[in-house]
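A short worksheet on the structure shown next.
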Amino acid sequence: MARSGVFIPLLLLFLLPSVSPDCYTGTSTECEETMAFVPAHSLVGEGIDVTTLEWTGANLVDTSLWHHPNGTCTICENRLQGRQKQRLPLAVVDWRVQISCNRDLSSSVEESAAAVGRALALDVNNDWMSELELLDESHGPALGGSKSQLTSYAYQKELQDKYMFVRQEMPCVYYR
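In mature numbering (1 follows the signal peptide of the UniProt record, and there is no 0), the protein residues as written are -21 to -1, 1 to 155.
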């Protein structure tokens, strides 16, 4: 019976929402010190133009707010930048260093500029086509990625001669 008494609290400890071990609540004095924000904080909630596949600069979330009402803030020690202390915006709930590289190289071969645009548009994971009431898939490839720099490059090459376009990817994630 003694073992179950220890097991249940340990189980509950693992079921609690996780807090990044690199972040803590800073005192109001600590929070007043000048420090940078965590990397890529300004990308939170920023929109992507689905035709150019570029960031729009329009933020749906205010990432400049970092003070809690009681004067404290969340400070994270960034292990990838010499444990530098960095502020976490209020809009970011769960930030952590997470180094993860997929060592499996993925490749695809596209035979036209339209196919390049289609492949690029697949990287944008949202339902923009349904918002435009374009449920017929034949419209999607003509819109998504059609004005991106890579699609424009592929189109220029396609005008000159027959080309095949190879895309290779080995994704790495450093922050989550």
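Don't be surprised by glycine CBs; every beta carbon is placed ideally from N, CA and C.
Hey, quick one: how far does the alpha helix (DSSP H) through residue i stretch, first residue to last?
{"i": "Leu129", "result": "128 to 139"}
{"i": "residue 186", "result": "Outside the shown range of the chain, which is -21 to 155, sits residue 186, and nothing can be said about it."}
{"i": "Thr42", "result": "Looking at the DSSP string, Thr42 is not in any alpha helix (DSSP H), and its letter there is neither H nor E."}
{"i": "Ser7", "result": "7 to 11"}
What does a CB cutoff of less than 6 angstroms around residue i pick up in its chain, not counting 5 residues either side in sequence?
{"i": "Tyr142", "result": "Lys136"}
{"i": "Gly26", "result": "Thr35, Ala37"}
{"i": "Met149", "result": "Leu84"}
{"i": "His118", "result": "Annotation note: pLDDT 46 at His118 (below 50); position unreliable, no value reported."}
{"i": "Gln139", "result": "none"}
{"i": "Pro48", "result": "none"}
Ordered along the chain, which non-local residues of its own chain (more than five positions away) have a Cβ less than 7 angstroms from that of residue i?
{"i": "Thr4", "result": "Thr51, Thr53"}
{"i": "Val145", "result": "Ser86, Val88"}
{"i": "Thr6", "result": "Thr51"}
{"i": "Arg58", "result": "Asp1, Val76"}
Using a Cβ-Cβ cut-off of 8 angstroms (strictly less than) and excluding sequence neighbours within five positions of residue i, which residues of its own chain qualify?
{"i": "Ala19", "result": "Tyr154"}
{"i": "Phe16", "result": "Thr42, Trp45, Gln65, Arg66, Leu67, Pro68"}
{"i": "Cys10", "result": "Trp45, His46, Gly50, Thr51, Cys52, Ile54, Arg66"}
{"i": "Tyr134", "result": "Ala92"}
{"i": "Ser21", "result": "Asn38, Thr42"}
CB residue i to CB residue j, shorter than 8 angstroms?
{"i": "Val40", "j": "Val29", "result": "no"}
{"i": "Ala98", "j": "Ser87", "result": "yes"}
{"i": "Thr31", "j": "Lys126", "result": "yes"}
{"i": "Asp1", "j": "Val76", "result": "yes"}
{"i": "Ala70", "j": "Thr130", "result": "no"}
With a threshold of 8 angstroms between beta carbons, is residue i in contact with chain B?
{"i": "Leu101", "result": "In the structure shown, chain B does not exist; there is a single protein chain."}
Need the endpoints of the beta strand (DSSP E) that residue i sits in, please.
{"i": "Gln60", "result": "That residue, Gln60, is in no beta strand (DSSP E); it is neither H nor E in DSSP."}
{"i": "Val71", "result": "Note, Val71: premise wrong, no beta strand (DSSP E); not H, not E."}
{"i": "Asp28", "result": "25 to 28"}
{"i": "residue 156", "result": "There is no way to answer for residue 156, as the model of the chain reaches only from -21 to 155."}
{"i": "Phe144", "result": "144 to 148"}
{"i": "Val88", "result": "85 to 89"}
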